[in-house]
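In terms of the working numbering, the sequence shown is residues 196 to 411.
Don't be surprised by glycine CBs; every beta carbon is placed ideally from N, CA and C.
Since this is a predicted model, take the numbers as computed values, not measurements.
Contents: one structure, followed by commentary.
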Amino acid sequence: MTIKKTDKTSITRLSKRGVYDEASIYAILDDALVCTIAFVQDNEPFQIPTGFCRIGDQLYIHGSVGSHYMRHLAEHKSKVCISVMHIDGLVLARSAFHHSVNYRSVVMFSEAVRVDDKEEIYQSLEVFTNKMQPGRWADVRKPTDNEWKATMVLKFKIEEASAKVRTGAPKDDEEDYNLPIWAGVVPLQVERKAPIVDPEMKLSVPLPEYLKYARD
């Protein structure tokens, strides 16, 4: 399914890199742990990085009920611009001008909606926790009543969005391909390392099965 282009989401610069199909946009969002939410408050621009998760066509964030920005977004149903970006490689060209990065990015425009339904709040926090570490929600102490009351969840419908993706080798000027200069791509990736036990652990608890992949 393709998400309809709008004036705000149509890629004009290097338009061939634009991606509008829902599955690709969702995949880029799901691979990201952090998004950036931009909004205007009192005629001043703000930009907040925060963790998030996606369920269907909704993007969810959570924060303290005491957070001024969460309250502002909820009370004003603020229009926001949300972005994520993955850097997959450093593109080293023969010329300084053509240096670039391989990336996957999404920009979406939406409106904040406060989530009041308890089941939806519970589901969003479960998905968020398991996004951080698959299998974690089943293992942890669940929130207390006071912790639920202290937490606000907002959602944003993913209906005005586009992705932009670059892959592949450097694109140099034709005459520069004969220069004696190394060119290519330095791949980058986010990697989970071996877990480090909390020094405040009071009991001898074995490493959970869902973390054992990271020991080697």
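- Counting only runs that start and end inside the stretch 307-391, the beta strand (DSSP E) elements of at least 3 residues fall at 346-352, 355-361, 379-382.
- The residues 230, 232, 303, in chain order, have a CB closer than 6 Å to that of residue 277 in the same chain once the five nearest residues on each side in sequence are set aside.
- With a 10 Å radius around the Cβ and a threshold of 16 neighbouring Cβ atoms, residue 205 comes out exposed.
- Note on geometry: alpha-carbon atoms of residue 380 and residue 341 lie some 50 Å from one another.
- Secondary structure within the stretch 243-267: the beta strand (DSSP E) runs of 3 or more consecutive residues, fully enclosed, are 248-250, 253-259 (chain order).
- Where residue 278 is concerned, the enclosing beta strand (DSSP E) starts and stops at 274-287.
- 295 is the residue among 401, 295, 405 whose C-alpha sits nearest the C-alpha of residue 362.
- In its chain, beyond the 5 residues on either side, 367, 371, 374, 376, 378 have a beta carbon closer than 6 Å to the beta carbon of residue 289.
- Beta-carbon to beta-carbon, residue 221 and residue 357 are separated by about 13 Å, too far to satisfy the 8 Å threshold.
- Here residue 228 is not near residue 213, since their CB atoms are 8 Å or more apart.
- Look at residue 408 here: in three-state DSSP terms it is helix.
- Going by beta carbons, residue 281 and residue 223 fall inside the 8 Å limit.
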